[in-house]
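> If you scroll down you'll find the structure; I have some questions about it.
In this note's numbering, the protein residues as written are 1 to 151.
This is the structure in structure tokens:
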């Protein structure tokens, strides 16, 4: 009798990775009206999104990208961050043996369904991290209503 060894954890990991790729493709795909076609996008930087009563914050991991190669736009409740990580030119006597980093254009778009104070949007960039702060407009902030005694 032959025993076949199954590794269900490994198979589940492969299924989870495939599902993750499909979900990323679905949620990160651009609308047809977008200026940059999906076929031109080479990679999507990872992002962390934060929120408190006063603002939203985003941190994008974009190591190797120069500040002048990053564009940030906010229009009609949509924040769009795009740019390009350019591959460094090598000396003539040097060849690439392996490349794991992703190069080329990137684009991330986020729908913001809260009123934002557009004049207060700030962005800082350092150590490969892009930090964006989107302050909420006063009308979007929670307000406590005091109840007065009735007559």
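The beta-carbon is built from N, C-alpha and C at its ideal position, and this holds for glycine as well.
1) Could you compute how far the alpha carbon of residue 110 sits from the alpha carbon of residue 151?
2) Can you give me the start and stop residues for the beta strand (DSSP E) that residue 85 sits inside?
3) With a cut-off of 8 Å on the beta carbons, I'd call residue 41 and residue 105 a contact; round off their distance for me.
4) Going by other Cβ atoms of all chains shown within 10 Å of its Cβ, with 16 needed for buried, is residue 171 buried or exposed?
5) Could you tell me the alpha carbon to alpha carbon distance between residue 60 and residue 15, rounded to whole angstroms?
6) Taking all protein chains shown into account, decide if residue 22 is buried (16 or more other Cβ within 10 angstroms of its Cβ) or exposed.
7) Pull up the CB-CB distance for residue 129 and residue 70, whole angstroms please, since I reckon it's below 8 Å.
8) So residue 107 and residue 80 are supposed to be a Cβ contact under 8 Å. How far apart are they, rounded?
9) Rounded to whole angstroms, how far is the Cβ of residue 134 from the Cβ of residue 56, which I believe are closer than 8 Å?
10) In whole angstroms, what separates the C-alpha of residue 117 from that of residue 87?
Short version:
1) Working through the chain shown from its first residue, we reach residue 110 at position 110. Working through the chain shown from its first residue, we reach residue 151 at position 151. In a straight line, the C-alpha of residue 110 is about 49 Å away from that of residue 151.
2) Counting from 1 along the chain shown, the entry for residue 85 is found at position 85. Counting along the chain, the beta strand (DSSP E) containing residue 85 begins and ends at 78-85.
3) Here residue 41 refers to the residue found at position 41 of the chain shown. Here residue 105 refers to the residue found at position 105 of the chain shown. The Cβ separation is near 6 Å, so the contact holds.
4) Since the first residue shown for the chain is 1 and the last is 151, residue 171 is missing from the structure and cannot be characterised.
5) As a first step, residue 60 is located in the chain shown; it is residue number 60 there, counting from the start. As a first step, residue 15 is located in the chain shown; it is residue number 15 there, counting from the start. Approximately 27 Å between the Cα atoms of the pair.
6) Within the chain shown, residue 22 is the residue found at index 22, counting from 1. With fewer than 16 Cβ atoms within 10 Å of its Cβ, residue 22 is classed as exposed.
7) Your numbering for residue 129 matches position 129 in the chain shown. Your numbering for residue 70 matches position 70 in the chain shown. About 12 Å separates the two Cβ atoms, so there is no contact after all.
8) Against the chain shown, residue 107 aligns to sequence position 107. Against the chain shown, residue 80 aligns to sequence position 80. Contact holds; Cβ gap of about 7 Å.
9) On the chain shown, residue 134 is found 134 positions in, with the first residue counted as 1. On the chain shown, residue 56 is found 56 positions in, with the first residue counted as 1. 4 Å between Cβ atoms; contact.
10) Translated into the one-based positions of the chain shown, residue 117 becomes position 117. Translated into the one-based positions of the chain shown, residue 87 becomes position 87. The straight-line gap from Cα to Cα measures roughly 36 Å.
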